[in-house]
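At position 23 of the sequence shown the residue is numbered 199 (our numbering), and the sequence of numbers has no breaks.
A virtual CB, placed ideally from N, CA and C, is assigned to each residue, including glycine.
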Amino acid sequence: MGLIVLLVVGGVLGWLASIVMRTDAQQGIFLNVVVGIVGAMLGGLLLGGGSITNGISGASLIVSFVGALILLAIVNLVRRGSVR
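Written out as structure tokens, the structure reads:
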């Protein structure tokens, strides 16, 4: 059950981050889930305070969302040479 919740919450966070970074048209559901989960782990490593991979709380959702934003900014920087 925990894996399903992780996938759903990771997908929603990845989708919201892709909307903010304006990359939603380029990504599908699978990439949104990957961005959400990898961004959660990245946010947990960089910002501390836990991420959705450790349990879901308000702080972990914010850390995971910021991590997903950072991940998309890095991907955009490598692809296009600019953050947006």
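**Message:** Which of the three DSSP states is assigned to GLN202 in this structure?
**Reply:** The residue given as residue 202 occupies position 26 in the sequence shown. Helix, per DSSP.
**Asked** How would you write the range of the alpha helix (DSSP H) that GLY243 sits in, first residue to last?
**Response** Within the sequence shown, the letter at position 67 stands for residue 243. Residues 234 to 256.
**Distance, ILE228 Cα to LEU182 Cα** = In the sequence shown, residue 182 corresponds to position 6, counting from 1. In the sequence shown, residue 228 corresponds to position 52, counting from 1. So the two alpha carbons sit approximately 7 Å from each other.
**Asked** Does the beta-carbon distance from VAL196 to ILE232 come in below 8 Å?
**Response** In the sequence shown, the residue the question calls residue 196 occupies position 20. In the sequence shown, the residue the question calls residue 232 occupies position 56. 8 Å or more divides the Cβ of VAL196 from the Cβ of ILE232.
**Prompt:** Among VAL209, THR199, ALA201, which residue has its Cα nearest to the Cα of ILE180?
**Reply:** The sequence position of residue 180 within the sequence shown is 4, counting from 1. The candidate whose alpha carbon is nearest that of ILE180 is VAL209.
**Request:** Alpha carbon to alpha carbon, how far is ASP200 from ARG256? Give it in angstroms, no decimals.
**Result:** The residue labelled residue 256 in the question sits at position 80 within the sequence shown. The residue labelled residue 200 in the question sits at position 24 within the sequence shown. The straight-line gap from Cα to Cα measures roughly 16 Å.
**Request:** Check ILE180 in the structure and name its three-state DSSP category.
**Result:** By one-based count along the sequence shown, residue 180 stands at place 4. Looking at ILE180 - three-state DSSP - the assignment turns out to be helix.
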